[in-house]
Structure formats: C-alpha cells, structure tokens
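Residue numbers for the sequence shown follow this note's numbering, so the first one is 41 and each next one is one higher.
Glycine included, each C-beta is placed from N, C-alpha and C at the ideal position.
Only a predicted model underlies this, so the values are computations on that prediction, with no experimental measurement involved.
Data first, discussion second: the structure below is written as structure tokens.
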Amino acid sequence: MPEKQGISVNLRITRPDDWHVHLRDGEPMRSVVAASARVFGRAVVMPNLSPPVTTVDAAAAYRERIAGALPADSRFAPLLTLYLTDHTSAAEIARARASGFIIGVKYYPAGATTNSDAGVTEIKRVRAALAAMEAARLPLLMHGEVVDPDVDVFDRERYFIDRVLAPLLRDFPALDVVFEHITTREAVDFVDAAPRRVAATITPQHLLWSRNALLAGGIRPHYYCNPILKREIHRQALVRAAIGGSPKYFLGTDSAPHARGAKESSCGCAGCYSAHAAIELYAEAFEAAGALDRLEGFASFHGADFYGLPRNADTIGLERYPWIVPDTYALGNATVVPLRAGEQVAWRVVD
Numbered sequence: 041m042p043e044k045q046g047i048s049v050n051l052r053i054t055r056p057d058d059w060h061v062h063l064r065d066g067e068p069m070r071s072v073v074a075a076s077a078r079v080f081g082r083a084v085v086m087p088n089l090s091p092p093v094t095t096v097d098a099a100a101a102y103r104e105r106i107a108g109a110l111p112a113d114s115r116f117a118p119l120l121t122l123y124l125t126d127h128t129s130a131a132e133i134a135r136a137r138a139s140g141f142i143i144g145v146k147y148y149p150a151g152a153t154t155n156s157d158a159g160v161t162e163i164k165r166v167r168a169a170l171a172a173m174e175a176a177r178l179p180l181l182m183h184g185e186v187v188d189p190d191v192d193v194f195d196r197e198r199y200f201i202d203r204v205l206a207p208l209l210r211d212f213p214a215l216d217v218v219f220e221h222i223t224t225r226e227a228v229d230f231v232d233a234a235p236r237r238v239a240a241t242i243t244p245q246h247l248l249w250s251r252n253a254l255l256a257g258g259i260r261p262h263y264y265c266n267p268i269l270k271r272e273i274h275r276q277a278l279v280r281a282a283i284g285g286s287p288k289y290f291l292g293t294d295s296a297p298h299a300r301g302a303k304e305s306s307c308g309c310a311g312c313y314s315a316h317a318a319i320e321l322y323a324e325a326f327e328a329a330g331a332l333d334r335l336e337g338f339a340s341f342h343g344a345d346f347y348g349l350p351r352n353a354d355t356i357g358l359e360r361y362p363w364i365v366p367d368t369y370a371l372g373n374a375t376v377v378p379l380r381a382g383e384q385v386a387w388r389v390v391d
C-alpha cells in the first residue's frame, strides 16, 4: 500500500477532471471555485450565467474572471463553453473553435433549468450552428430533457431521446455529442448503442440516490436537481454504466451552488452542490459497487480521451477515512448547503 508523508493512502489515481460544473460568477464564484480546483485538473464550465455566455468574447472575459479567483499556485484549467441560442451564428461557432479555449457548445431547452430562458426553442432553429459545429468538430453538450407540458417531469429525458436526440444524430451523423448528466436506464441503453461520437456524463447524486432521497419523509430541497432523481432501477443502470469500463461514460459533477434561501423556498432552485466532496462521493459509489479499480478510468481517462486532450500527468490520493461534511459553506454573502450536509463521507483526499 503506498505511503505519503506518513498517511496510509488507500487509493491513488491520475488527477481527475470534471466535465460538467457550474462555477457561477462574482463573489459566489470566488467562494466555490477553489473546491473544484483542489482536486480536478480541468473542468468544463457551464455558460448559464445571467446574462448567458453566448459569444467568444464573453467566454474569454469569464475565463479571466475564473483565473483571477483561483489560488495563486493553482494549475486548474477552466474549459469554457458557449450557450447555444436560436440566434447563434455559424461564424461564432468558427470563432469558438479557433479560440483554443472553448471546448464545446451547450444546448439548453428553453425553460428547462436554471438560467435557461435564452435556450433553444426548437432544434430546427439552430441547424446552421449545428452544421458548423459538425464541420469544426466542436462538441454539442446537451441538457437532455424536453419541456413539453404534456410530458411528465420524470419522463422528460426519455422523450428527449425519441423527439430530439435520435433525429439529431440522423441529421448530423458526424456531430460529437455529450448527453449530459444522464439519469435513466433508457439513456444508458441509447448511449451504449450509439456511435463512439456519443458520450455521457454522470453525476454523483444520480449514482448514489434515487428519488426517495428527495421525496421520502418530506421534500428535501437540497437533493433537487434537473434532471430530477429517478427510480432505483435507473440509479442501478447508471452505476452499471459508470463502473462498466466503457469510454463513453465519464465524470461530470453538475455541481450547482444556490444560496440556501433560493433552495429552501416555495419555488426552490434546481441544483446540487457537490464540489466540496465530489471525488469522495464518486469513490463511495464505486466502492459500494465493488469497482474501485474502475474509478480512475471514469474519473481521469475517458473524458480527456473523448475530447482529445492529454490525460493529466500527476495523481491524487484517496484515503478511507470518515469525516463530517459542514452544514453550510460560504457562497458570497450567503451560504450554500452541500450534499451530505452534517453527515459522514467515507473517503477524503489526502494530497
């Protein structure tokens, strides 16, 4: 068993990356960015600010603000995304590819989640942008839900596959797609059967909890996220996908901090804050499945390989050592309630 400065290290893996995170902006961003930077080498940063990051110039400015909030010695690299709207031009897609720091373009169905009102109203309205992305090999990162009022909230992902994703892949056969934060057995089946250019991220909350965590014994708003937690059969399918070794599946926390008051309200915001213990929660999920030896591929290799980036050269250590998560963390002038608040986490990072 490896040793580091007298501490017994139970697991050592190549430094992981987070392929889906919300860092917010301003003082809230300054409060949370170090939590991601302490463990992850890189992170794909979501563009759903207010106003959204819709241009290369806006993305460059946001990147500078993130860099300015990092500790002086940090080597954390934010990978930026553009927010796809009905008006995104093919020329802006070309500028994004040429920028060298924009990793993809984010698709939000208008009204699906936090700050998504500027999202795509109909997929046919963005065909020119999609064609430009296909030609430039700039991945499309998809929030995989429909928002049709006739569709039950727990079925939004399943209908998205049939109504949006499958037709999209037929129409744009060379487009690289990441099906973000998948939540259902149907999504796993679809990604498994899709070409290699289709991948998916999986969050820690969807690996660890079913919708009982949200609804059993009362409404627990800090487990509320979009897409919403699903039945246990779906959680089990996600675990099988994550531990199965397929390069199509990789780590994406979807860590999404909201002020406590915005979550604990009559119309609470969607999003779970997990950056404080992200890799530790993934380690719990993989350990419970008897697959700790598969964690490194999922967390450190598959995402980098999909995006055509080098794997990180350094490592982190994880120790099987229980600790209690604080009840809250700072979020600018407010506080955020993290996942597992006031409860025990079984692993800790020792680097």
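In the displayed model, residue 295 falls within a strand according to three-state DSSP. DSSP places residue 60 within a strand segment (E or B) once states are collapsed to three.
With the rule of 3 Cβ pairs closer than 8 Å, the region 361-377 counts as touching the region 66-74. Under the DSSP assignment, residue 122 falls in the beta strand (DSSP E) whose first and last residues are 117-123.
Just measuring C-alpha positions, the residue of 390, 183, 52, 236 sitting nearest residue 268 is 183. Per DSSP, residue 133 lies in no beta strand (DSSP E) segment; the continuous alpha helix (DSSP H) that holds it begins and ends at 130-139. A residue is called buried when at least 16 other Cβ atoms come within 10 angstroms of its Cβ; residue 196 meets this threshold and is buried.
Residue pairing of residue 364 in beta bridges, as defined by DSSP: 384. For residue 176, the secondary structure class from DSSP, reduced to helix, strand or coil, is helix.
Taken through DSSP and simplified to helix, strand or coil, residue 327 comes out as helix. Cβ atoms of residue 288 and residue 262 stay farther apart than 8 Å, at about 30 Å.
Less than 8 Å divides the Cβ of residue 83 from the Cβ of residue 118. Annotated as distal: residue 390 and residue 317, with beta-carbon spacing of 8 Å or more. Between residue 76 and residue 155, the CB-CB gap reaches or exceeds 8 Å. Of all C-beta pairs linking the region 50-58 to the region 86-100, fewer than three are shorter than 8 Å, placing the two stretches out of contact. Residue 311 carries a coil assignment under DSSP once its states are collapsed to helix, strand and coil. Linking residue 315 to residue 234 through their CA atoms gives a straight-line distance of about 30 Å.
In the pairwise beta carbon analysis, the region 187-204 is classified as not touching the region 125-139: fewer than three pairs are separated by under 8 Å. With a cut-off of 8 Å on Cβ pairs, the region 242-251 is in contact with the region 276-288, counting three or more such pairs.
In the displayed model, residue 108 falls within a helix according to three-state DSSP.
Non-local beta-carbon contacts of residue 107 in its own chain, meaning distances under 7 Å to residues more than five positions away in sequence, are absent. With respect to the C-alpha of residue 211, the residue from 221, 174, 228, 120 having the closest C-alpha is 174.
Looking at the DSSP output, residue 86 shares a beta bridge with no other residue.
As the crow flies, the alpha-carbon of residue 229 is around 42 Å from that of residue 113.
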